[in-house]
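Novice: Read in the numbering used here, the sequence shown has 1190 at position 22, and its numbers run on one by one without any break. Ideal placement from N, C-alpha and C gives every residue a C-beta, glycine not left out.
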Amino acid sequence: MCRFYAAEVLLALEYLHMLGVVYRDLKPENVLVRDDGHIMLSDFDLSLRCAVSPTLIRTSYDSDPSRRAGGGAFCVQPACIEPSSVCIQPACFLPRIFPQKSKKKPRKPRHNLGLLANALPELVAEPTAARSMSFVGTHEYLAPEIIKGEGHGSAVDWWTFGIFLHELLYGKTPFKGSGNRATLFNVVGQQLRFPDSPPTSDASQDLIRGLLVKEPQHRLGVKRGATEIKQHPFFKGVNWALIRCSTPPEVPRPMETEPSPGKFGAVDKIGIGIVGSSSKRMAGTDMKSGGKYLDFEFF
């Protein structure tokens, strides 16, 4: 169950980073479970918006002209890898089905298909250029670089993801102190220690260690974003392409509530699935962009 929710939160963060948004406020209170059992993120008051240009990491297979000839070419046009692209052609991410030459070639062994899958280029859309000096976030989830005032970027989301995963597994955050001041001191100076119970896997602890590296330049995900984290053994077996179509481990049962009278005696109708509040602005000081808000999809 923990891996399912962690995987969906990771995909949501990846989606935001593709849009050039650093979330900066991941915590259980902001992760909502929809009526179908899947999750969505809420509360973007503290988010930072920046410019991002997705890139493809070329593999050795892709860079070899002899292997790339014919049916092994990839499309790397900017229009094909921009998050705002309406239509993405299959040829952008898969080798062309038909070779350019009509000559019949001997059928390749089946084991070569696995090599071909590993040779596909990786889409990386990490806003590494994002920088902010703002002191924002929740004390138990604040990254060390925010507390130190050194400036921060997208790596803070991977720190908060590590704290979130720790709380999912152990029911508490790793650096909580007796008060806010003690908590901040622990985040900066205390070494990560795992509770004796409940017992957890080595893979989960290794992932948390990689995410909770205090130096952001060495933190897991800082270079290749969610692509790097997805390949960790903790997520082995996760079908990333179809996870939104899979059956969640638990689907909330509908609850019947009695209508409450409003200010003027009328019955208030509460809409389910609305994220945030109309009285809150979705963007903070750092999110302003021409006076327009981002148009998010439910993800």
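1) Output the residue ranges of the alpha helix (DSSP H) runs that lie fully inside the segment 1301-1376 and measure 4 residues or longer, sorted by chain position.
2) Would you identify the three-state DSSP class for V1406, choosing helix, strand or coil?
3) In three-state terms, what does DSSP make of M1208?
4) Hey, is the segment 1300-1320 in contact with the segment 1343-1361, meaning 3+ C-beta pairs nearer than 8 Å?
5) So which of A1350, R1349, L1352 and L1380 has the shortest CA-CA distance to R1361?
6) Tell me, which residues are paired with L1178 by DSSP?
7) Provide the residue span of the alpha helix (DSSP H) that contains E1396, from first to last.
8) Under 7 Å between the Cβ atoms of D1193 and L1178?
9) Taking buried to mean at least 16 other C-beta atoms within 10 Å of its own C-beta, is P1420 buried or exposed?
10) Which residue wins for smallest C-alpha separation from N1198, given the options L1187, A1180 and M1186?
11) Taking only three categories from DSSP, how would you classify L1216?
12) What do you get for T1415, buried or exposed, if any count of 16 or more other CB atoms within 10 angstroms of its CB means buried?
13) Give me, in chain order, the residues of the same chain whose beta-carbon lies closer than 7 Å to that of H1334; leave out the 5 immediate sequence neighbours on both sides.
14) Could you tell me which residues DSSP pairs with G1201 in its beta bridges?
15) By Cβ distance below 6 Å, which residues in the same chain neighbour C1218 in space, the five residues on each side in sequence not counted?
16) For L1200, count the other beta carbons within 10 Å of its own beta carbon; 16 or more makes it buried, fewer makes it exposed. Which is it?
Specialist: By the coordinates alone:
1) 1312-1316, 1323-1338 and 1348-1357
2) coil
3) strand
4) yes
5) L1380
6) Answer is none; L1178 lacks a bridge partner.
7) A1394 to K1398
8) no
9) exposed
10) A1180
11) strand
12) exposed
13) T1341, P1342 and I1376
14) Correcting the residue type first, residue 1201 is Val in the shown sequence and not Gly. Answer by DSSP bridge pairing, in chain order: I1207.
15) G1188, P1295 and A1298
16) exposed
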